[in-house]
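Read through the structure below, which is laid out as structure tokens, and then see the notes.
2 protein chains.
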Amino acid sequence: MKNFDFYNPVTILFGEGRIGEIKNKVPNGSIVMLTYGGGSIKRNGVYSQVMAALDGFKVIEFGGIEPNPRYETLMKAVEVARSERVDFIIAVGGGSVIDGTKFISAAIPFKGNDPWDILAMAGKVEINHAVPFGTVLTLPATGSEMNMFAVISRNSTTEKLSFGHPLVFPKFSVLDPTVTYSLPVNQIANGVVDAFVHVIEQYLTYPVNANIQDRWAEGLMQTLIEVGPQALANPMNYDVRANVMWSCTMAVNGLLSTGVPTDWATHTIGHELTVFFGLDHAVTLSIVLPSLMREMKGEKRLKVLQFAQRVWNIEVGTEDRKVDEAIEKTESFFQAMGIKTRLSAYGITEEQLKPIFDRFEERGWKLGEMKTITPDRVKSILLAAL
Amino acid sequence: MKNFDFYNPVTILFGEGRIGEIKNKVPNGSIVMLTYGGGSIKRNGVYSQVMAALDGFKVIEFGGIEPNPRYETLMKAVEVARSERVDFIIAVGGGSVIDGTKFISAAIPFKGNDPWDILAMAGKVEINHAVPFGTVLTLPATGSEMNMFAVISRNSTTEKLSFGHPLVFPKFSVLDPTVTYSLPVNQIANGVVDAFVHVIEQYLTYPVNANIQDRWAEGLMQTLIEVGPQALANPMNYDVRANVMWSCTMAVNGLLSTGVPTDWATHTIGHELTVFFGLDHAVTLSIVLPSLMREMKGEKRLKVLQFAQRVWNIEVGTEDRKVDEAIEKTESFFQAMGIKTRLSAYGITEEQLKPIFDRFEERGWKLGEMKTITPDRVKSILLAAL
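In order, the protein sequences belong to chains A and B.
Residue 390, in the working numbering, is where the first sequence stops; the numbers in between run on with no holes.
Residue 390, in the working numbering, is where the second sequence stops; the numbers in between run on with no holes.
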């Protein structure tokens, strides 16, 4: 097991009927900014629950944070928050709204020249203060509600960058599984796949005798394999939705990565597919991961065999066959969630991938837990996913 | 899944060579009280590492906190801390030192009439302030290093009571597996059993479709079954000790109990065996749990069957046989850790149990996840464990 630090101070309020409790969690007299996305919260009743809970507070609304939240949009929120002297934010939405709110929270009091540096120079610029915020999660997927990371896109430069800081842990997150009943099927599917890939990025590397972390990653993937299809078939089943929601949160809150190497190459490659083609984040993961597993099955062999046995119960066949079967079953799971796992299914051609190959070539990044995913291998992974 | 709150702000510094980092975690200028037990930390080098890290701070030592820490001893520390104006505490030890330190931390600024009320009226008295503290864990077992609970004994009244409060979460805990190399075999065995029973108290109840919590509890028990005997056989194996240490911490930090019913009757009954006969905490659990499982196998049937299959890989036989086999394997595991699981092995007779039966009868407590463990059944459980 590797040395590690663990710290996660987020308060979770989990269960049906918890949204009203946010009134006890926001400091008295706060000027509250309410951040949200496209307005689905006004149709599904979440907005009115939140507003009822905030009765008595001055509330400034900032809607319209888009999927893959954009720097340009978020900076408008920062301006409003500064002029209105906002001192608490409630993010109501999924990972995009919450990630966007983390950036807003850090950017409002940012003292540097250019708030873009929070992302472009992540880890190098000083963040000494952030406006505190809580979240009401409406779309379980990214885990942003219980971690300190955010991914932000910038239109003008076709970039998608991330930052993390302990000051942007949410103060609290309300997880009410019933608010997910009205989600479109593809959003639940995306969330399940997103969580599954978050787990596998922290698991499918090389063994370091971190027994608990392995068991917990396996248990979380087994849970997602069980409840994922049920969540599509029975959208109103409370326990199924509760398991999906808690799985998504626990998948990427710092716990599974304690003491183990992590990969994250699937995410890095997938981000480019979102930036260039507008594909949903989970769709990009479903395309990249199986292909990456095939490319990397040498380096990852020991863990893929463990994954085959413990997660997919593959007990017979040669080791090579077990590896291939585990990859096939993983890809089939994504397909069973209704997601197509090939680039060509989205009309993407080899020709169109060229700017992505060029970008990796220019950056010269070496990805993966062993830094062996060179630009050449990124190209192989994407070509094999056509 | 049941509604739940989760909050755990403890910073964990895990791994070899981390003790020196406490100097960055204690506020500048603090007057530090160093609490510890019988002095083994002076023989194994931990004391000198801690003192080196605290170079430059005023340090007041308070040693001699005993196993099952006593109110009488702790109140002496409170007096010293008050007169010396201590504003940070470092607890160096196992669960007893850390539990004792939690009480000291809450008692120093306590405004009520009698600090014993922190325990005797737990949850009813107001705790508005506590002196912050960090821990250096030397004996993995109780999980106290990452939770807000403490169990304290009082000699004069033969009582063993507990309290919990968010203000007594440690600010940080250093978990260096190498400090456990020099522990006596029976203390490592006790720790493994203690953690195992912590997990089972939060697991072996009735099903509520909390899939992740079930998988994680099972994964943690599987890990302890794997690494427990290895820790006895190979005391200097870093990864084995790291797994034991992290298992003990994760077993009872609030995560496994999210959204599920909990039992804790084994602990409640076991506490009386410690109070009356001075048995080690883990020994009492090893005696009580198998007998309690036999008494409660009706109420707990569905979860015992799941436990049999997933933790012990029991696949054949009638359901009744699977239940019995799971209980036998659990008891054998404790015995394999070198712990005798019968009261008679410690020279305890039926006659001597009578004051315990009387105490449960007087209190009229109904224990367990369904409140069906009446004083009569406590008696049956203990008689069957003779």
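Glycine residues also receive a C-beta, built at the ideal position from the N, C-alpha and C atoms.
From a predicted model like this one, the values you see are computed outputs, not experimental measurements.
If you draw a straight line from the C-alpha of Met240(A) to the C-alpha of Thr288(B), how long is it?
Counting only the Cα atoms, Thr288(B) lies some 45 angstroms from Met240(A).
Residues near Gly372(B) in its chain [Cβ-Cβ closer than 6 angstroms; skip 5 each side]:
So the qualifying residues of the chain are Asp267, Ala269.
Using a cut-off of 7 angstroms between C-beta atoms, extract the partners of Leu17(A) located in chain B.
Within chain B, the C-beta atoms nearer than 7 angstroms to that of Leu17(A) come from Asp9, in chain order.
Using C-beta distances below 8 angstroms, list every residue in its chain close to Ser348(A), excluding the 5 sequence neighbours before and after it, in chain order.
Within the same chain, and ignoring the five residues on either side of Ser348(A) in sequence, the residues whose Cβ sits closer than 8 angstroms to its Cβ are Leu390.
Limits of the alpha helix (DSSP H) - the one that Asp218(B) falls within
Membership of Asp218(B) in the alpha helix (DSSP H) is indicated by the continuous run 215-237.
Give the interface partners of Ala246(A) over in chain B, defined as CB-CB distance under 7 angstroms, in chain order.
For Ala246(A), the residues of chain B that pass the 7 angstroms Cβ criterion are Met5, in the order they occur in the chain.
Would Pro144(A) count as contacting chain B if we go by Cβ distances under 8 angstroms?
No, its Cβ sits nowhere closer than 8 angstroms to a Cβ of chain B.
Out of curiosity, what's the CA-to-CA distance linking Gln191(A) and Glu163(A)?
Cα to Cα, Gln191(A) sits roughly 24 angstroms from Glu163(A).
In chain A, what lies closer than 8 angstroms to Met254(B) by C-beta?
Under the 8 angstroms cutoff, chain A gives Ile216.
On the DSSP bridge list, what partners appear for Met37(B)?
As computed with DSSP, Met37(B) is found in a beta bridge with Ile64(B), Ile93(B).
Is Ala56(B) helix, strand or coil when you go by DSSP?
When secondary structure is reduced to three states using DSSP, Ala56(B) falls in the helix class.
So with CB distances below 9 angstroms, who are the chain B contacts of Ile227(A)?
The sequence given here places Thr at residue 227(A); Ile does not occur at that position. Listed along chain B are Asn215, Ile216, Asp218, Arg219, each with a C-beta nearer than 9 angstroms to that of Thr227(A).
Quick check on this structure: which residue in Leu179(B), Met37(B), Ala388(B), Lys344(B) has the alpha carbon closest to the alpha carbon of Glu20(B)?
Considering only alpha carbons, the answer is Leu179(B).
Within 8 angstroms (strictly less), CB to CB, does Gly223(A) reach chain B?
Closer than 8 angstroms: yes.
Does Ala389(B) come out as helix, strand or coil in the three-state DSSP assignment?
The answer is coil: DSSP assigns Ala389(B) none of H, G, I, E or B.
For Lys326(A), which of helix, strand or coil comes out of DSSP?
DSSP places Lys326(A) within a helical segment (H, G or I) once states are collapsed to three.
Looking only at its own chain, which residues have a Cβ that is under 7 angstroms from the Cβ of Gln217(A), when we skip the five neighbours before and after it?
Counting only Cβ-Cβ distances below 7 angstroms, and skipping sequence neighbours, we find Leu260, Thr262, Gly263, Val264.
In chain A, which residues lie less than 7 angstroms from Asp243(B) when you measure between Cβ atoms?
Those within 7 angstroms of Asp243(B) in chain A are Met5, Asn213.
Should Asn151(A) go down as buried or exposed, given a rule of 16 or more other Cβ atoms within 10 Å for buried?
It counts as buried.
At which residues does the beta strand (DSSP E) containing Phe137(A) begin and terminate?
Element bounds for Phe137(A): 137-141.
Less than 8 angstroms between the beta carbons of Ser290(A) and Val197(A), yes or no?
Using a Cβ distance threshold of 8 angstroms, Ser290(A) and Val197(A) count as a contacting pair.
9 angstroms Cβ cut-off: residues of chain B touching Ser251(A)
Per Cβ cutoff of 9 angstroms: Asn215, Ile216.
Report yes if the C-beta distance between Phe18(A) and Trp250(A) is below 8 angstroms; otherwise report no.
For Phe18(A) and Trp250(A), yes; Cβs fall inside 8 angstroms.
At a cut of 8 angstroms, does the region 142-149 of chain A reach the region 192-211 of chain A through at least three beta carbon pairs?
Cβ pair count under 8 angstroms is three or more, so yes.
Does Pro13(A) have its Cβ less than 8 angstroms from a Cβ in chain B?
True, the Cβ-Cβ gap to chain B drops below 8 angstroms.
Start and end residues, alpha helix (DSSP H) containing Arg305(A):
Segment 305-314, the alpha helix (DSSP H) holding Arg305(A).
Terminal residues of the continuous beta strand (DSSP E) containing Gly127(B)?
It is not in any beta strand (DSSP E) - Gly127(B) carries neither H nor E in the DSSP assignment.
Could you spell out the range, first to last residue, of the beta strand (DSSP E) harbouring Ser177(A)?
Counting along the chain, the beta strand (DSSP E) containing Ser177(A) begins and ends at 176-179.
Apart from the five residues on each side of it in sequence, which residues of its chain come closer than 7 angstroms, Cβ to Cβ, to Ala340(B)?
Once the five neighbours on either side are set aside, the close Cβ partners of Ala340(B) are Pro233.
Less than 7 angstroms between C-beta atoms, sequence neighbours within five positions excluded: which residues of the same chain meet that for Ser109(A)?
These residues qualify, in order along the chain: Ile93, Ala134, Val135, Phe137, Val172.
Could you compute how far the alpha carbon of Lys106(B) sits from the alpha carbon of Ile156(B)?
Near 10 angstroms, if we compare the C-alpha coordinates of Ile156(B) and Lys106(B).
Enumerate in chain order the residues of its own chain whose CB-to-CB distance from Asp91(B) is below 6 angstroms, with the five nearest sequence positions on each side excluded.
If we look at Asp91(B) and ignore the five residues flanking it on each side, its Cβ neighbours are Ser34, Ile35.
Verify whether the separation of the beta carbon atoms of Asn12(A) and Gly258(A) is less than 8 angstroms.
Less than 8 angstroms divides the Cβ of Asn12(A) from the Cβ of Gly258(A).
Through-space distance from Glu329(A) to Ala312(A), alpha-carbon basis
Each residue's alpha carbon lies about 8 angstroms from the other.
Taking CB distances under 8 angstroms as the criterion, tell me whether Val292(B) reaches chain A.
No, Val292(B) does not count as interfacial toward chain A.
Can you tell me which of Glu70(B), Thr209(B), Leu123(B), Ala193(B) puts its alpha carbon nearest to the alpha carbon of Glu230(B)?
With respect to the C-alpha of Glu230(B), the residue from Glu70(B), Thr209(B), Leu123(B), Ala193(B) having the closest C-alpha is Ala193(B).
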